[in-house]
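Numbering (our numbering), first residue to last: 5 to 139.
1. On a Cα-Cα basis, can you pick out the residue from 112, 117, 53, 80 that is closest to residue 95?
2. Alpha carbon to alpha carbon, what distance is there between residue 104 and residue 90?
3. Give the single residue among 69, 50, 71, 74 whose Cα lies nearest to the Cα of residue 108.
4. Which residues bound the beta strand (DSSP E) around residue 47?
5. List the residues that DSSP assigns as beta-bridge partners of residue 9.
6. Three-state secondary structure (DSSP) at residue 104?
7. I need the straight-line Cα distance from residue 111 to residue 122, nearest angstrom please.
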């Protein structure tokens, strides 16, 4: 779950992670990325939900991400036709598709509102890194 813009209007979605530059500058074998894209199943933003498990190709996965990236540079570079096709297939769901009025939507509509809620809902299967725990 992420808002498309962070503090100081920094976009949460970018074309290139800083980790790649860090890898190049420090001579690391791999970029220091904690979560690899293959491990992400859903992306939830104020624009909607992208169910990446339903994508049939890397190109669809890219457009699904762009489709919920809002007014960031990543979102603005989306292929509108591809995003609408993904929406028609249910890969991307907008609040309206779920019967939610975006003007009335708050976090209390979410089944899990915190990392602790995610751990509890998973029956303890999901164990986030310590830095993401507030308990």
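Glycine is no exception: its CB is placed at the ideal position from the N, C-alpha and C atoms. Bear in mind the structure is a predicted one, so any value in this text is a computation, not a measurement.
According to the data block:
1. 53
2. 19 Å
3. 50
4. 46 to 49
5. 15
6. coil
7. 14 Å
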